[in-house]
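Enquirer: I have a structure I would like to understand better, so I am pasting it below and will then ask my questions one at a time.
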Amino acid sequence: MSDQPSRAEVMIAAIVPMLAGLGHVAVGAASPIPAAAALLARTVSGGALRVSLLGSAENNPFTDGGRELFDCAAQGRIDAFFLSGGQIDGSANVNLVGIGDYPNLKARFPGSFGSAYLYHLIPRVILFREEHSPRTLVDRVDFVSAAGTSPDGVYRCGGPHALVTGRAVFRFDQARALFELASVHDGETRETITEATGFAFEAAASVPVTPPLAPDARALLRGPVADAVGEIYPAFAALLVGGTPSGRSAPAR
Amino acid sequence: MSDQPSRAEVMIAAIVPMLAGLGHVAVGAASPIPAAAALLARTVSGGALRVSLLGSAENNPFTDGGRELFDCAAQGRIDAFFLSGGQIDGSANVNLVGIGDYPNLKARFPGSFGSAYLYHLIPRVILFREEHSPRTLVDRVDFVSAAGTSPDGVYRCGGPHALVTGRAVFRFDQARALFELASVHDGETRETITEATGFAFEAAASVPVTPPLAPDARALLRGPVADAVGEIYPAFAALLVGGTPSGRSAPAR
Amino acid sequence: MTDLALSTELTRRRPSTVDALVRKVADGAKVALPPDYSGCAMTAVRGLIAKGVADLHIVGVPSGGLQVDWLIGAGCVSVVEMAAMTLGEFGVPPRFAAAQKARSIIVRDGTCPAIHAGLQAAEKGIPFLPLRGILGSDLLKHRDDWQVVQNPMSDTDDPIVIVPAIAPDVALFHAAKVDRNGNVWIGVRRELMLMAHAAKTTLVTAEEQVDTDFLADPALAAGTIPSLYITDFALAPRGAAPVGLTGAYPADRAALADYVSAAQTQAGFDRWFATAPAHAPA
Amino acid sequence: MTDLALSTELTRRRPSTVDALVRKVADGAKVALPPDYSGCAMTAVRGLIAKGVADLHIVGVPSGGLQVDWLIGAGCVSVVEMAAMTLGEFGVPPRFAAAQKARSIIVRDGTCPAIHAGLQAAEKGIPFLPLRGILGSDLLKHRDDWQVVQNPMSDTDDPIVIVPAIAPDVALFHAAKVDRNGNVWIGVRRELMLMAHAAKTTLVTAEEQVDTDFLADPALAAGTIPSLYITDFALAPRGAAPVGLTGAYPADRAALADYVSAAQTQAGFDRWFATAPAHAPA
């Protein structure tokens with residue numbers, strides 16, 4: 000077991016505290032880092048946190064078909080969810096459709112999935128994107144799959160809570176519709192993050208380093224959590240156990 | 000086995016030919032006569048007619064809960080259905096709510112169930128009411144649970160096809176919104192029917208007698224059909240087998 | 000540590016008592032109840048009556064039967080919203096009929112698909128659902144919460160009814176079995192799942208709790224309401240008597256006949272109910 | 000006579016062939032297909048391609064995967080309506096990506112709940128369903144069939160999206176088993192039931208037909224689409240290969256990787272597909 004946490008492990012360490020005290024977190028498809036974070040948070044909570052993993056046979060409670068996740072969110076039964084994006088901008092808009100002037104796209108992403116809906120209905124949506132670069136974190140997305148904020152008078156019970164990347168953690172200030180740098184991962188600085196980020200954000204003069212996992216949490220992650228995640232993401236689970244520096248086993252969508 | 004058909008058997012004999020050539024007939028709750036007629040029609044059709052009996056374990060195909068009957072009707076998958084009424088009027092309006100000036104009712108019926116909906120969506124709705132009297136067949140119902148006809152421009156795929164009572168059969172003319180006397184049961188005449196009916200209807204000078212069941216159909220009714228109906232309506236099934244003159248084993252709702 | 004960590008212990012749930020369930024139903028609550036054939040929590044309804052719950056707004060999904068008549072007879076009900084009230088072959092429930100006549104309860108007559116649609120709207124978190132049919136029915140005259148609007152998808156005149164979401168405070172029903180994690184098996188009785196999805200609080204009594212995980216069995220999972228939607232559950236063997244539970248025990252027709260005969264008057268109802276435990280074998 | 004009369008013989012249904020199923024899909028049909036994890040009739044899709052079906056309007060419920068990419072690569076598709084196109088860890092399907100770039104197909108981007116809601120509207124026979132969320136998304140700018148209306152149940156400003164019913168001409172999928180009466184068991188994959196309810200024609204391939212009645216088994220019944228909704232079915236063992244069928248056989252990841260590598264070009268796709276039967280073991 001390496002002592003150097005992987006980028007994925009640091010992201011997991013950043014996500015786990017964001018789930019403290021919640022009742023139910025759901026994790027969508029192609030989300031290995033959120034899945035591991037949610038299962039670790041459940042263990043830390045002693046089972047008080049309910050975790051629903053789409054695509055899992057063992058940790059997926061849904062029995063009413065593809066619509067149930069969305070209905071469940073609209074019923075207010077899901078406290079937290081995760082979204083990624085090919086592009087994420089400084090207003091927390093998410094682009095899952097493509098680069099270019101739609102429908103004339105230069106590059107096609109898979110599509111919006113349920114983002115346009117869930118972003119409005121789940122109180123704490125945590126954005127995640129391992130690649131932290133001006134290419135992924137942009138001033139303005141080319142296509143708004145899901146809007147970060149809504150005007151007054153629009154029914155909205157949810158929205159962006161934070162953005163976790165392979166280099167830093169931002170909190171989203173919904174009232175001011177902008178990101179604030181909350182912490183930088185080990186080895187990064189406010190300056191390296193500014194350079195790597197395509198949107199403007201707020202930052203205090205002194206930004207803390209993202210706390211690593213405590214040793215017991217780390218052991219849980221590399222043990223039983225990796226086992227459970229392996230049901231859906233075998234390659235990712237192997238990397239968690241190995242603790243290699245790169246945790247990029249699956250597309251961060 | 001008595002040779003004298005019961006009133007229920009005559010009503011069944013009147014209903015069976017109305018189901019000829021159809022693909023799917025559904026039968027609601029508290030409908031023993033329609034249930035027996037539908038099962039007999041299925042046998043006669045060699046299985047080409049699909050019969051769905053609400054409340055049956057053996058002949059109820061629905062697996063999507065209480066809404067499925069209604070969704071199924073709206074999908075156009077049900078060709079015929081049966082409605083009764085505490086009152087039925089000459090425009091084929093049906094009252095399942097009560098007598099009096101709603102909500103100040105002198106007598107309460109159970110309620111409208113799905114009539115207000117199914118009457119509009121199932122092409123061939125057969126009204127049935129064993130009691131044929133000025134009390135049940137009225138000029139104008141006190142409460143319209145389900146309207147017999149609709150103005151132009153109202154989305155409507157279904158409506159009343161016929162009215163079968165313990166004394167006669169009426170066809171409904173949707174264009175003119177009135178009943179025509181189609182046949183009278185053995186022992187009745189145009190005059191006795193006129194006297195027993197609270198609404199105006201059309202009648203030819205000579206009205207045929209409702210044809211009885213052929214002997215083989217009668218044997219089927221008193222044998223396997225009665226067996227199958229007995230799953231839901233045991234008392235009624237016993238009367239069918241006995242062939243007693245009165246078939247009133249269950250409320251005609 | 001591995002044992003503690005992700006073991007199935009984390010998800011186990013123990014039954015409450017029927018009394019604890021009953022205490023979760025507040026006066027004035029909107030309570031969704033199934034019809035007599037779909038799993039009625041009769042033991043819990045007795046508990047509600049014993050507690051003296053008041054001013055309930057009952058939603059029959061889509062009709063009401065014996066349990067609603069009990070609650071009306073015991074004076075627990077202000078409003079009944081339903082497509083029908085029926086005891087099947089025993090006709091219109093007697094305390095309901097009397098209360099309608101005396102205008103001592105508000106009756107909101109509806110139609111089955113509108114009740115299902117209202118619950119589906121709540122299930123989807125939307126304010127209303129459109130529905131075909133109904134136009135021309137006098138139901139519309141008396142339901143000020145229903146509207147007729149122009150279908151916005153049509154260029155020509157196309158009136159259509161819209162019905163508001165029905166979001167019960169409480170859904171209460173009885174099921175055959177609960178698993179060790181509090182998942183409830185309801186088989187094809189999907190209206191119970193709809194009620195649980197639509198309601199803020201779902202209370203379930205069950206014949207038994209079994210030490211398996213229904214969601215791990217592909218056949219059972221398909222007919223299971225996940226514990227996610229179950230606020231609390233209690234064990235109540237023969238908890239649906241006397242109306243019966245499909246696959247477990249039939250309706251006690253003698254008890255029903257006896258009830259209907261006795262409950263023609265309030266005094267008769269009161270007498271019957273005072274001795275009622277005898278009608279429901281433990 | 001008793002035997003003939005009401006015996007279960009009356010309801011028995013025999014399987015058709017995959018060819019017969021394929022012939023029921025007309026050029027230009029709107030065809031609803033499940034995602035890769037929910038039972039894809041890959042053998043039947045090969046049949047559609049062999050037949051040379053044209054101008055299909057595909058609805059991914061709610062996303063599309065390998066089968067849609069095959070149909071696009073084979074030139075069978077005019078329109079794809081979906082919330083996403085994905086091969087999971089293998090990324091965006093290559094022929095879809097190329098077709099989007101070349102504008103050789105019309106892509107109607109949506110979002111999962113809107114596709115489910117559109118099918119539910121068709122299931123209920125209503126013209127539209129309202130849906131929360133979506134406001135502010137660029138999806139709305141490009142979907143002229145979606146509208147934003149004022150919630151008629153609200154006295155204050157409350158814009159809400161309405162989406163039209165999606166009534167597919169055909170729903171096509173693969174299931175584990177069909178019973179002797181043509182009932183199809185799908186377990187918790189209720190989106191397949193929704194598709195069958197919403198579609199005019201439902202075509203199913205299955206691993207096997209078993210000589211029982213699923214509706215007579217309370218556990219299986221809960222996960223069964225009644226034959227009422229099944230237009231025709233055929234047997235196709237390993238009919239979901241190479242994407243796999245939950246509980247039966249996994250995805251053939253080597254075949255998928257090979258496909259994605261080959262199908263980066265049209266010529267590569269054509270070559271791969273010409274030899275494709277080798278990738279799907281019989």
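Residue numbers (numbering that gives the first Met the number 0), protein chains in the order written: chain A, 0 to 252; chain B, 0 to 252; chain C, 0 to 281; chain D, 0 to 281. Glycine residues also receive a C-beta, built at the ideal position from the N, C-alpha and C atoms. Given the structure is predicted, the values throughout are model-derived calculations rather than measurements.
Quick check: the stretch 232-241 of chain C against the stretch 55-62 of chain C, are at least 3 beta-carbon pairs closer than 8 Å?
Expert: Because the criterion of three Cβ pairs below 8 Å is not met, the stretch 55-62 of chain C and the stretch 232-241 of chain C do not touch.
Enquirer: Evaluate G246(D) with the Cβ neighbour count: other Cβ atoms within 10 Å of its Cβ, from every protein chain shown; 16 or more gives buried, anything less gives exposed.
Expert: By the 10 Å Cβ count, G246(D) comes out exposed.
Enquirer: For P109(A) and chain D, any beta-carbon pair shorter than 8 Å?
Expert: By this cut-off, P109(A) is an interface position.
Enquirer: Rounding to the nearest angstrom, what Cα-Cα distance links S77(D) and I104(D) in this structure?
Expert: Whole-angstrom Cα-Cα distance: 5 Å.
Enquirer: Unbroken beta strand (DSSP E) runs of length 3 or more, entirely within the stretch 105-153 of chain D: which are they?
Expert: Fully enclosed beta strand (DSSP E) runs of 3 or longer: 105-108, 127-130 and 146-149.
Enquirer: Note down, in chain order, every chain B residue with its Cβ under 8 Å from the Cβ of K29(C).
Expert: Residues of chain B passing the Cβ test: none, with the nearest at roughly 18 Å.
Enquirer: Give a yes or no on whether the minimum CB-CB distance between H160(A) and chain D is below 8 Å.
Expert: Not one chain D Cβ lies under 8 Å of H160(A).
Enquirer: Can you pull the chain A neighbours of Y36(D), defined as C-beta to C-beta under 9 Å?
Expert: By Cβ distance, chain A contributes A28 and G54.
Enquirer: Considering only residues of the same chain and omitting the five flanking positions on each side of S205(A), which have a CB-CB separation below 7 Å?
Expert: So no residue of the chain qualifies.
Enquirer: How far does the beta strand (DSSP E) with A47(B) in it reach, from first residue to last?
Expert: Careful: A47(B) lies outside any beta strand (DSSP E) and carries neither H nor E.
Enquirer: Taking C-beta pairs closer than 7 Å, name the residues in chain C that F142(B) reaches, listed in chain order.
Expert: Going along chain C in sequence order, the residues near F142(B) (Cβ under 7 Å) are D137.
Enquirer: With the cut-off set at 8 Å, would you say D176(C) and A195(C) are in Cβ contact?
Expert: Position check: residue 176(C) holds Lys in this sequence, whereas Asp was assumed. Contact: no.
Enquirer: Which residues, in chain order, does the stretch 110-137 of chain C contribute to contact with chain B at a C-beta distance below 9 Å?
Expert: Taking 9 Å as the Cβ-Cβ cut-off against chain B, the residues of the stretch 110-137 of chain C that qualify are T110, C111, P112, A113, I114, H115, A116, L118, Q119, L130, R131, G132, I133, L134, G135, S136 and D137.
Enquirer: Relative to the C-alpha of F172(C), which residue among L20(C), P163(C), A96(C) and I71(C) is closest?
Expert: When each option's Cα is compared against that of F172(C), the closest is L20(C).
Enquirer: Just verifying my parser: in three-state terms, what is the DSSP assignment at P137(A)?
Expert: Position check: residue 137(A) holds Val in this sequence, whereas Pro was assumed. Correct three-state label for V137(A): strand.
Enquirer: In the DSSP assignment, the beta strand (DSSP E) including M81(C) goes from what residue to what residue?
Expert: Run containing M81(C): V76 to M81, per the beta strand (DSSP E) assignment.
Enquirer: Within its chain, find whatever has a CB closer than 7 Å to the CB of L219(A); leave out the 5 residues flanking it on each side and keep chain order.
Expert: Closer than 7 Å at the Cβ level, and outside the excluded window around L219(A), lie L39 and T42.
Enquirer: Please confirm whether T164(B) and A91(B) have their CB atoms less than 8 Å apart.
Expert: Cβ atoms of T164(B) and A91(B): not closer than 8 Å.
Enquirer: Within the same chain, show all residues whose beta-carbon is closer than 6 Å to that of T243(B), passing over the 5 residues directly before and after it, in chain order.
Expert: For T243(B), the predicted model reports a pLDDT of 49, less than 50, meaning its position is unreliable and no value from the coordinates is stated.
Enquirer: Determine the contact status of D172(B) and V140(B), defining contact as a CB-CB distance below 8 Å.
Expert: Against a cut-off of 8 Å, the Cβ pair of V140(B) and D172(B) comes out as no contact.
Enquirer: Is A19(A) buried or exposed, if buried means 16 or more other CB atoms sit within 10 Å of its CB?
Expert: When all chains shown are included, A19(A) counts as exposed.
Enquirer: Is there a Cβ from chain C that is less than 8 Å from the Cβ of S153(D)?
Expert: So, interface residue.
Enquirer: For H173(D), name the three-state secondary structure that DSSP assigns.
Expert: Note: H173(D) maps to strand in three-state DSSP.
Enquirer: Output the boundary residues of the beta strand (DSSP E) element that contains Y207(C).
Expert: Residue 207(C) is actually Glu in this sequence, not Tyr. E207(C) -> beta strand (DSSP E) spans T200 to V209.
Enquirer: Hey, D144(D) and V143(A): beta-carbon distance below 8 Å or not?
Expert: Contact: no.
Enquirer: For A209(C) and G222(C), what's the separation of their Cα atoms in angstroms?
Expert: Reading off the sequence, residue 209(C) comes out as Val, not Ala. Near 15 Å, if we compare the C-alpha coordinates of G222(C) and V209(C).
Enquirer: Leaving out five residues before and five after S248(B) in sequence, what residues of the same chain have Cβ atoms less than 6 Å from its Cβ?
Expert: The predicted position of S248(B) is uncertain, since its pLDDT is 38 and thus under 50; no value can be drawn from it.
Enquirer: Is P283(D) close to chain B? Criterion is C-beta to C-beta, closer than 8 Å.
Expert: Outside the shown range of chain D (0 to 281) lies residue 283(D), about which nothing can therefore be said.
Enquirer: What residues in its chain sit with their C-beta under 7 Å from that of Q263(D), if we drop five residues either side in the sequence?
Expert: So the qualifying residues of the chain are P93.
Enquirer: Between A199(B), P207(B) and L162(B), which has its C-alpha nearest V137(B)'s C-alpha?
Expert: The shortest Cα separation from V137(B) among A199(B), P207(B) and L162(B) belongs to A199(B).
Enquirer: Considering only residues of the same chain and omitting the five flanking positions on each side of G84(A), which have a CB-CB separation below 6 Å?
Expert: Closer than 6 Å at Cβ, skipping near neighbours: V93, N94 and L95.
Enquirer: Here's a check: name, in chain order, each residue in its chain whose Cβ is nearer than 8 Å to the Cβ of Y248(D), leaving out the five neighbours to either side.
Expert: So the qualifying residues of the chain are R237, A239 and A240.
Enquirer: Check whether the Cβ of A96(C) lies closer than 8 Å to any Cβ atom in chain B.
Expert: Output row for A96(C): interface = yes.
Enquirer: In this structure, what does DSSP give as the bridge partners for A98(C)?
Expert: Answer by DSSP bridge pairing: none, since A98(C) is not bridged.
Enquirer: Please tell me whether, using a cut-off of 7 Å, the distance from the CB of V76(C) to the nearest non-hydrogen atom of the ligand COA is below it.
Expert: The ligand COA is absent from the structure shown, which contains no ligand whatsoever.
Enquirer: According to the Cβ coordinates, are A121(C) and A170(C) closer than 8 Å?
Expert: Not a contact, by the Cβ cut-off of 8 Å.
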